[in-house]
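Enquirer: The following block contains the structure, expressed as structure tokens.
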Amino acid sequence: MSAQPFFDELHAQEDPFGYRSRWYEQRKRALLLASLDRAHFERGWELGCSNGVLTEALAPRCQRLLATDISPRATFQARRNLSHLSHVQVHCAQHPQQWPAGRFDLIVCSEMGYYLEPGELAPLRDGLHAALRSDGLLVACHWLPAFSGRTCRSELVHERLGQGLQETFHYRDADFLLQGWSWTSRSLARDEGLR
Ligand SMILES: C[S@@+](CC[C@H](N)C(=O)[O-])C[C@H]1O[C@@H](n2cnc3c(N)ncnc32)[C@H](O)[C@@H]1O
């Protein structure tokens, strides 16, 4: 059964997850943005963008940014909310069944992987790794406690996505897990000649 009607129903509300209203969400976004080791990326992709609040926060850090979501209603809202940003594109797509063309130096999978069936995680990983440039950063961020609608554990999502990559950062608290991976080890201090 397609998950699309479920997410379309959720997006009957303008901000179904409280991205604009909750300090919890603002802080989590700030942590995610602060963990990106490059000031600027050439081509970013956020999958599962909902109404585009995180996409808007990522936009100043990307020359071009793609945002995708399974829900036509969510993509309508995101497109409208991001219409002032000409370098941001929003497409309706279900992952891992559908993939955007091209490769990215930033991929953000935030609060979306736990909606997939466990058997979809390996295809998701393979597709994301194929889309990740050799200098790219893959970021995942997921809520840890149980909730209705979850189809797999957040730890499993991160374990799968990180397989075969080097971990570049790791943050965990009582509520969520935030991790980043790349093909080779990275050090901003090394890049800036501090070590
Ligand atoms: C909780 S929101 C996350 C929004 C944003 N990424 C963030 O972290 O602030 C999850 C979004 O993922 C979308 N989604 C769920 N399963 C998906 C799939 N298989 N393919 C694409 N989008 C999906 C939902 O429609 C929903 O808008």
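Per this note's numbering, the sequence shown starts with residue -5, numbered consecutively.
Glycine included, C-beta positions come from ideal geometry on N, C-alpha and C.
Can you look up Ala6 in the DSSP assignment and give me helix, strand or coil?
Expert: Reduced to three states, the DSSP call for Ala6 is coil.
Enquirer: Rounded to whole angstroms, how far is the Cβ of Gly174 from the Cβ of Met106, which I believe are closer than 8 Å?
Expert: Gly174 to Met106, Cβ: 16 Å. No contact.
Enquirer: Is any heavy atom of ligand 1 found at a distance shorter than 7 Å from the C-beta of Gly96?
Expert: no
Enquirer: Are the CB atoms of Glu103 and Ala61 nearer to each other than 8 Å?
Expert: Checking the sequence shown, residue 103 turns out to be Cys, not Glu. No, the pair does not count as a contact, with Cβ atoms beyond the cut-off.
Enquirer: Less than 8 Å separating the beta-carbons of Tyr165 and Ser29?
Expert: yes
Enquirer: Could you tell me the distance, in whole angstroms, from the CA atom of Arg21 to the CA atom of Phe11?
Expert: 14 Å
Enquirer: Ordered along the chain, which non-local residues of its own chain (more than five positions away) have a Cβ less than 8 Å from that of Ala72?
Expert: Closer than 8 Å at the Cβ level, and outside the excluded window around Ala72, lie Cys43, Ser44, Asn45, Gly46, Thr49, Ala61, Asp63, Val84.
Enquirer: Quick one: does the C-beta of Ser128 sit closer than 7 Å to a heavy atom of ligand 1?
Expert: no
Enquirer: Let's see if you can read the secondary structure: which residues bound the beta strand (DSSP E) around Gln83?
Expert: 82 to 86
Enquirer: Return the chain-ordered ranges of every beta strand (DSSP E) run that is complete within the region 66 to 133 and spans a minimum of 3 residues.
Expert: Qualifying beta strand (DSSP E) stretches, in chain order: 82 to 86, 98 to 104.
Enquirer: To which residues of the same chain is Gln160 closer than 8 Å at the C-beta, ignoring the five residues directly before and after it?
Expert: Trp175, Ser176, Trp177, Thr178, Ser179, Arg180
Enquirer: What residue range does the alpha helix (DSSP H) around Leu27 cover?
Expert: 17 to 29
Enquirer: Using a threshold of 7 Å, is the CB atom of Phe163 nearer than that to any non-hydrogen atom of ligand 1?
Expert: no
Enquirer: What residue does the beta strand (DSSP E) around Ser176 start on, and which one ends it?
Expert: 170 to 176
Enquirer: Report all residues from its chain with a CB closer than 8 Å to the CB of Leu76; omit the five preceding and five following residues, and keep chain order.
Expert: Gly46, Thr49, Glu50, Ala53, Ala61, Val82, Val84
Enquirer: Once you ignore the five residues that flank Glu19 on each side, which residues in its own chain have a CB closer than 8 Å to its CB?
Expert: Phe11, Gly12, Tyr13, Val47
Enquirer: For a test of your reading of the model: does the CB of Ile101 fall under 7 Å from any non-hydrogen atom of ligand 1? Yes or no.
Expert: Checking every heavy atom of ligand 1 against the Cβ of Ile101, none is found closer than 7 Å.
Enquirer: Following the continuous beta strand (DSSP E) through Thr162, name the residue where it begins and the one where it ends.
Expert: Counting along the chain, the beta strand (DSSP E) containing Thr162 begins and ends at 160 to 166.
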